[in-house]
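Q: Starting off with a structure, shown below.
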Amino acid sequence: MTDLGNGWTTAAIILLVAIVAHEPWRWLGLYLGRDIDVEGDRFQWVRAVATALVAGLVMRLLIFPAGALGGPPLWLRLAAFAAGVAAFFAFKRGLALGVLVGTLVLVAGSFWLQ
Amino acid sequence: MYHVGVAEGSGVHERDEGEVADARSAAGMFLSGLAVSLSIPGFILFASAGGFGALARDAGLSIGNALLMMGVLFALPAQVVMVDQLARGGALVGAVLAVALIGIRLLPMTVVIVPFLGGSKASWPGKAVAVHAVAITGWIEGLRRLPDTPENLRLPHFFGIGTGLIVVALAGTAAGYIAAGQLSGPLAAALLFLTPIYFMLALLATAAQPSDWLAIVIGAVLGPIAYWLAPGFDLLLTGLIGGSAAHVLARNWRIKRDAGLGGPGPRP
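Written out as C-alpha cells, the structure is:
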C-alpha cells in the first residue's frame, strides 16, 4: 500500500479525479442554478440516489472498518453510533452534540473494555 | 442549532443590528465570513477533517497527497470513498464512478445556493471559484447567512466562509494525519469514528422530505448487505437501488396522501 500514497502518480490521479469526476457537478450546478426545477421528479431521484449512497458509505465505514476503528467491537461501535443519533434528535437536531455524545460513548466504552 | 458560536461577536451582529459602514464593505464581509471557521461548524469540520487525515494515513496515503485530496475535492464523502476504495485495492474506475456518483449531491446543493451568490450581477468566474466551497458545512453556513447579507456583498461573504473552511479543513487533515500515528487504540478509533457519525448526522440535519428519510434508512440497511454481496460495486448498487426505491416509495406515498385528502393539501 505504501506506493499508493507517496508518488506524483497518486497526486496526478487525485487531481484528475477531482477535475473530471467531481468539480464539474459544482459547475453544472452553477450553470443550471438559474432555471432548474428543484422540485422536479428527475432531480428528486438524483437526490435520493446520492443520499442513499452516502448512508450506505456510513454503514460500510462503521460495520466493516478498514483500520483502527476496527479496535472496538462491532456492538460498541453500533451503540456509540446509536447514542450519537439519539442525542442528535433529543437536542433538536444538534449536530455538534450528537457527534460529541457518540464519540464519548465510543471512547468510554473502549477504555472500560480494556 | 448553531446559534451560539465562538465567532458570534465578530460575524453575526453586523447584519442583525445597525451596520457599521466598515462591516458593509466587501473586505469586512469577507472577514466575517472567515470567522465562521472559528465557530462550532468550523470545529466539527476540523475534527472530521482530522478523521479523514487519520483515515488517509491508515490507507497509506502520504500527508502531501492527503492535503491535496482535501483541497481539490473538498467534500469529505468523496474523499473517504476514494481513500477507502484505494485502500481496499478496488479498481480506479470504480473509485472514479463512486466519486462521480457521490459528487452528484453537490449539483442540487450548488443549484440551491447559487441564487444567494449575488444574482446575475456577480461575475461568473468568481462564482465558479466560489462554488468549490459547496460541501456540507459550507452549504449549511452559506444558506444560513447569505439571505441576510446585502446582495452585492454575498459573493465576498461566501468567499470568506469558503476560504476559512478550507484552511480549517487542511489544518484538521494535517493534525489528524500526525495524531493518528501517536494516539492509543481507543483515541485513534474515536478519530476515525468522527467521519461516519458526522456524515450521518449531517445527512439527517439536511433531510427535509420523506424521500430523504427513506433514502437514509434504506441506504443504511442496504449498504452493508451490498458490500457483503458485491464489494467494489456496493456503493453504486446501494445508491441506485436504495435511492430509486426511496424515490418511488415517497412518490407513491405522496400520491396516495394527496388522493386520500381529496387533492393536494398544504405541504407539511
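Respectively, the protein sequence lines represent chains A and B. When the letters of the first sequence are read in order and numbered with numbering that gives the first Met the number 0, they come out as residues 0 to 113. When the letters of the second sequence are read in order and numbered with numbering that gives the first Met the number 0, they come out as residues 0 to 267. Yeah, the Cβ is synthetic: ideal placement off N, Cα and C, and Gly gets one too.
1) Determine, for W74(A), whether the minimum Cβ-Cβ distance to residues of chain B falls below 8 angstroms.
2) Please compile the residues from chain B whose C-beta is within a distance smaller than 8 angstroms of the C-beta of A10(A).
3) What whole-angstrom Cβ distance do A65(B) and T172(B) have, given they're in contact under 8 angstroms?
4) Anything in the stretch 52-81 of chain A with a Cβ closer than 9 angstroms to a Cβ of chain B? List those residues in chain order, please.
5) So A97(B) packs on V113(B), CB below 8 angstroms; how close in whole Å?
6) Taking one C-beta from the stretch 151-158 of chain B and one from the stretch 123-134 of chain B each time, how about it: are there three or more such pairs within less than 8 angstroms?
7) Does L60(B) come out as helix, strand or coil in the three-state DSSP assignment?
8) Going along chain A, which residues have a C-beta under 8 angstroms from D57(B)?
9) Taking the Cβ atom as the reference point for each residue, do M187(B) and A179(B) lie within a distance shorter than 8 angstroms?
10) Can you say whether T136(B) is buried or exposed, counting buried as having 16 or more other CB atoms within 10 angstroms of its CB?
11) For my contact list, A49(A) and G242(B) are in at a C-beta cut-off of 8 angstroms; report their separation, rounded to the angstrom.
12) Contact between the stretch 192-210 of chain B and the stretch 84-102 of chain A: three or more CB pairs below 8 angstroms?
13) Between D257(B) and chain A, is any beta-carbon pair separated by less than 8 angstroms?
14) Grouping DSSP H, G and I as helix and E and B as strand, with all else coil, what is V95(B)?
15) In three-state terms, what does DSSP make of A20(B)?
16) With a threshold of 8 angstroms, are at least 3 pairs of Cβ atoms found where one atom belongs to the stretch 237-252 of chain B and the other to the stretch 71-85 of chain A?
17) Helix, strand or coil for T162(B) per DSSP?
18) Would you mind sorting D40(A) into buried or exposed? The rule is 16 or more other CB atoms within 10 Å of its CB.
19) Would DSSP call I103(B) helix, strand or coil?
20) Would you check if the distance between the CB atom of A94(B) and the CB atom of L100(B) is smaller than 8 angstroms?
21) If you draw a straight line from the C-alpha of H12(B) to the C-alpha of S24(B), how long is it?
22) List, in order along the chain, the chain A residues whose C-beta lies closer than 8 angstroms to that of V91(B)?
23) By Cβ distance, which residues of its chain are closer than 7 angstroms to L60(B), with the 5 residues on each side in sequence left out?
24) Does the Cβ of V92(B) have 16 or more other Cβ atoms within 10 Å, making it buried, or fewer, making it exposed?
25) Which whole runs of the alpha helix (DSSP H) in the stretch 40-101 of chain A are 4 residues long or more, in chain order?
26) Starting from the N-terminal side, write out each stretch of the alpha helix (DSSP H) that is 4 residues or longer and does not extend beyond the stretch 173-208 of chain B.
27) Going along chain A, which residues have a C-beta under 7 angstroms from H156(B)?
28) Per DSSP, what kind of secondary structure is T168(B) in: helix, strand or coil?
29) Suppose you measure from the CA of Y30(A) to the CA of W138(B); what does that come to, to the nearest Å?
30) For F198(B), go through chain A and note every residue whose CB falls closer than 9 angstroms to its CB, in chain order.
31) So the candidates are F29(B), R253(B), I217(B), N251(B); which of them puts its Cα closest to the Cα of L236(B)?
32) Name, please, each residue of chain B whose Cβ falls closer than 8 angstroms to the Cβ of G101(A).
33) Within 10 angstroms of the Cβ of S183(B), are there 16 or more other Cβ atoms? Answer buried if so, exposed if not.
34) Indicate whether P185(B) and G101(A) have their beta-carbon atoms separated by less than 8 angstroms.
35) Could you please tell me which residues of the stretch 95-123 of chain B, in chain order, have their CB closer than 9 angstroms to any CB of chain A?
36) Can you find a C-beta in chain B that's less than 8 angstroms from the C-beta of G39(A)?
A: Well, looking at it:
1) As a working mapping, residue 74(A) is identified with position 75 in the first sequence. Interface residue (Cβ-Cβ distance to chain B less than 8 angstroms): W74(A) is not classified as such.
2) Along the first sequence, read from residue 1 onward, the residue named residue 10(A) stands at position 11. Within chain B, the residues near A10(A) are G63, N64, L67.
3) Residue mapping note: residue 65(B) aligns to position 66 of the second sequence, counting from 1. Residue mapping note: residue 172(B) aligns to position 173 of the second sequence, counting from 1. Indeed they touch by this definition, with Cβ atoms about 6 angstroms apart.
4) Under the 9 angstroms Cβ criterion, the stretch 52-81 of chain A contributes L52, V53, A54, G55, L56, V57, M58, R59, L60, L61, I62, F63, P64, A65, G66, A67, L68, G69, G70, P71, R76, A79, F80.
5) The residue given as residue 97(B) occupies position 98 in the second sequence. The residue given as residue 113(B) occupies position 114 in the second sequence. In this structure A97(B) does not touch V113(B) by the C-beta definition: roughly 26 angstroms separates them, more than the 8 angstroms allowed.
6) Per the Cβ contact rule, the stretch 151-158 of chain B is in contact with the stretch 123-134 of chain B (3 or more Cβ pairs under 8 angstroms).
7) As a first step, residue 60(B) is located in the second sequence; it is residue number 61 there, counting from the start. Here L60(B) sits in strand by DSSP.
8) Here residue 57(B) refers to the residue found at position 58 of the second sequence. Near D57(B) (Cβ distances below 8 angstroms), the residues of chain A are A65, G66, A67.
9) In the second sequence, the residue the question calls residue 187(B) occupies position 188. In the second sequence, the residue the question calls residue 179(B) occupies position 180. The sequence shown places Ala at residue 187(B), rather than the Met named in the question. Contact: yes.
10) The sequence position of residue 136(B) within the second sequence is 137, counting from 1. T136(B) is classed as buried because its beta carbon has at least 16 other beta carbons within 10 Å across all chains shown.
11) Here residue 49(A) corresponds to residue number 50 of the first sequence, with the count starting at 1. Here residue 242(B) corresponds to residue number 243 of the second sequence, with the count starting at 1. A49(A) to G242(B), Cβ: 7 angstroms. Contact.
12) The stretch 192-210 of chain B, when compared against the stretch 84-102 of chain A, does touch it at the 8 angstroms Cβ threshold.
13) Looking up residue 257(B) in the second sequence gives position 258. So, not an interface residue.
14) Against the second sequence, residue 95(B) aligns to sequence position 96. If DSSP states are grouped into helix, strand and coil, V95(B) belongs with the helices.
15) What you label residue 20(B) is simply residue 21 of the second sequence in a count that begins at 1. With a pLDDT of 43 at A20(B), under the threshold of 50, the modelled position of that residue is not reliable, and the figure given next carries that caveat. In the structure shown, A20(B) sits in coil (DSSP, three-state: anything other than H, G, I, E or B).
16) Of all C-beta pairs linking the stretch 237-252 of chain B to the stretch 71-85 of chain A, fewer than three are shorter than 8 angstroms, placing the two stretches out of contact.
17) By 1-based counting over the second sequence, the position of residue 162(B) is 163. In this structure, DSSP gives T162(B) a helical state, which the three-state scheme calls helix.
18) The sequence position of residue 40(A) within the first sequence is 41, counting from 1. D40(A) is exposed by the Cβ-count criterion.
19) Here residue 103(B) refers to the residue found at position 104 when the second sequence is read from its first residue. Assigned with DSSP and collapsed to three states, I103(B) falls in coil, not helix or strand.
20) Position 95 of the second sequence, counted from the first residue, corresponds to residue 94(B). Position 101 of the second sequence, counted from the first residue, corresponds to residue 100(B). Against a cut-off of 8 angstroms, the Cβ pair of L100(B) and A94(B) comes out as no contact.
21) Position 13 of the second sequence, counted from the start, is the residue given in the question as residue 12(B). Position 25 of the second sequence, counted from the start, is the residue given in the question as residue 24(B). Summary for H12(B): the model assigns pLDDT 41, below 50, so the residue's position carries little reliability; its value from the coordinates is reported in the next sentence. Answer to the nearest angstrom: the Cα atoms are 15 angstroms apart.
22) Translated into positions along the second sequence, residue 91(B) becomes position 92. The sequence shown places Leu at residue 91(B), not Val. The contacting residues are I12.
23) By 1-based counting over the second sequence, the position of residue 60(B) is 61. Taking C-beta separations shorter than 7 angstroms and ignoring five residues to either side along the sequence, the partners of L60(B) in its chain run V82, following chain order.
24) Reading the second sequence from its first residue, position 93 is the one you call residue 92(B). The residue in question, V92(B), is exposed, as its Cβ has fewer than 16 Cβ neighbours within 10 Å.
25) Qualifying alpha helix (DSSP H) stretches, in chain order: 40-62, 73-89.
26) The stretch 173-208 of chain B is shown to contain whole alpha helix (DSSP H) runs of 4 or more residues at 184-205, in chain order.
27) For the purposes of this step, residue 156(B) is taken as residue 157 along the second sequence, with counting starting at 1. Listed along chain A, no residue sits closer than 7 angstroms to H156(B) by beta-carbon distance, the nearest being about 17 angstroms off.
28) Sequence index remark: in the second sequence, residue 168(B) carries index 169 (1-based). Going by the sequence as given, residue 168(B) is Ala instead of Thr. Here A168(B) sits in helix by DSSP.
29) Counting from 1 along the first sequence, the entry for residue 30(A) is found at position 31. Counting from 1 along the second sequence, the entry for residue 138(B) is found at position 139. If you take the alpha carbons of Y30(A) and W138(B), they lie about 17 angstroms apart.
30) Within the second sequence, residue 198(B) is the residue found at index 199, counting from 1. Close to F198(B), with beta-carbon spacing below 9 angstroms, are these residues of chain A in chain order: V53, A54, L56, V57, L60.
31) Position 237 of the second sequence, counted from the start, is the residue given in the question as residue 236(B). When each option's Cα is compared against that of L236(B), the closest is I217(B).
32) One-based indexing of the first sequence puts residue 101(A) at position 102. Close partners of G101(A) in chain B (Cβ separation under 8 angstroms): F192, I196.
33) Walking along the second sequence from the start, residue 183(B) turns up at place 184. Label assigned to S183(B): exposed.
34) What you label residue 185(B) is simply residue 186 of the second sequence in a count that begins at 1. What you label residue 101(A) is simply residue 102 of the first sequence in a count that begins at 1. Taking the C-beta atoms as reference points, G101(A) is found no nearer than 8 angstroms to P185(B).
35) When CB distances to chain A are screened at a threshold of 9 angstroms, the residues of the stretch 95-123 of chain B falling below it are V95, L96, A97, V98, A99, L100, I101, G102, I103, R104, L105, L106, P107, M108, T109, V110, V111, I112, V113, P114, L116, S119, W123, in chain order.
36) In the first sequence, the residue the question calls residue 39(A) occupies position 40. Nearest CB-CB separation between G39(A) and chain B: not below the 8 angstroms threshold.
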